[in-house]
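One structure below.
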Amino acid sequence: MFKQIKQLFAVFDEQQPSMQEHDLKTAVAALLIEVMRADTKLEHDEQRTLTVTLKKYFNLTDTEVNELTNNAASSLDDSIDYFQFSKQINEHCSAAQRIEIIELLWRLAYADGEIDPQEDYVIRKVAGLLYVTHTDFIAAKIAATK
């Protein structure tokens, strides 16, 4: 009986898709892209803000930003949740850096001049996954408006 149970779990483990490991840049870019996509309107201001943010935050060239956003968008399209991205951020960033990432998400959401409820939802969800307290979440939101 135990042998059958072990075989069942072995078959189950073989069928599970392996969770892709992303680097920190891809993880942050994917979450930024998800906020940008959340309101279903791709605004030029949001695209420009995404590019500027990635160039500044990671010290990238235009070509590197294009490659990163393409890879991140592809990874995002293949994902079913945000865990694989938040995991990388949690493993490699301090609490202050995670708060800064939430601020970057808010800045992108504000780029078109308004916060869509879906953008708010995505940022709240990501903040929870990054273990950002509500106080720090609000502080990041306020800082993004300045």
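Residue numbering for the sequence shown follows full-length UniProt numbering, starting at 1 and increasing by one per position.
Where is the CB? At the ideal position from N, CA and C, for every residue including glycine.
Following the DSSP letters along the chain, one finds Asn66 inside the alpha helix (DSSP H) bounded by residues 62 to 78. Its chain contains Ile89, Asn90, Leu130, Tyr131, Val132 as the residues whose beta carbon lies nearer than 8 Å to that of Arg98, once the 5 sequence neighbours on both sides are disregarded; these appear in chain order. Contiguous alpha helix (DSSP H) elements confined to the stretch 19 to 57 occur at 24 to 38, taking only those with 4 or more residues. The beta carbon of Asn71 lies closer than 7 Å to those of Thr26 in the same chain, with the five residues before and after it left out. Contact annotation: Ala143 and Glu114 have beta-carbon atoms that are not nearer than 7 Å.
A Cβ-Cβ separation of about 4 Å places Thr49 in contact with Ala111 under the 8 Å criterion. Counting the other Cβ atoms within 10 Å of the Cβ of Ile101 gives 16 or more, which makes it buried. Residue state for Glu91 is assigned as helix, using DSSP reduced to three classes. Counting along the chain, Glu119 sits inside the alpha helix (DSSP H) bounded by residues 117 to 129.
Residue environment analysis places Thr40 among the exposed positions, since fewer than 16 neighbouring C-beta atoms fall within 10 angstroms of its C-beta. The Cβ neighbour count for Ser94, taken over all protein chains shown within 10 Å, is under 16; the residue is labelled exposed.
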